[in-house]
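Here is the structure we will look at, set down as structure tokens.
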Amino acid sequence: LATKILWDRLGKKWETIDPLGPENVFLVLTGPFTGYFPGTKVCVSGKSPQSNGVVGSTVAGEFGIDLKCAGYDGLVITGQAEKPCYIFLCDSHV
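Numbering-wise, this note's numbering puts 45 at position 61 of the sequence shown, and it's gapless, one number per residue.
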């Protein structure tokens, strides 16, 4: 799913996108079984600055379950903030 979202967003521009630039996409996605025992995994993906390919990692813990319970299957983060910031999710409010 992460690769599909990356391709849809970056596709033909893939080679010209700076992995550390504001056009890149940072994904945090839950799995289809997240929230059901034992599904607790979250996939974090994006374009790698090292290889210029797709990079991803999975993590386990309560974050995926909390994200799913708040009504989200994932986060698609784009752009660049002017100063350091954070994303606060509380139930269905961002």
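Glycine is no exception: its CB is placed at the ideal position from the N, C-alpha and C atoms.
For CYS27, there is no enclosing alpha helix (DSSP H); the residue is part of the beta strand (DSSP E) that begins and ends at 25 to 31.
Residues ILE(-11), VAL9 and LEU11 of the same chain have their beta carbon placed closer than 7 Å to that of VAL60, with the five preceding and five following residues left out of the count. Secondary structure in the stretch -12 to 50: the beta strand (DSSP E) runs of 3 residues or longer, each lying completely within the stretch, are 9 to 14, 25 to 31 and 38 to 44 in chain order. Looking at the DSSP output, ILE61 shares a beta bridge with PHE10.
Just measuring C-alpha positions, the residue of LYS67, ALA65, ILE71 and GLN64 sitting nearest GLY58 is ILE71.
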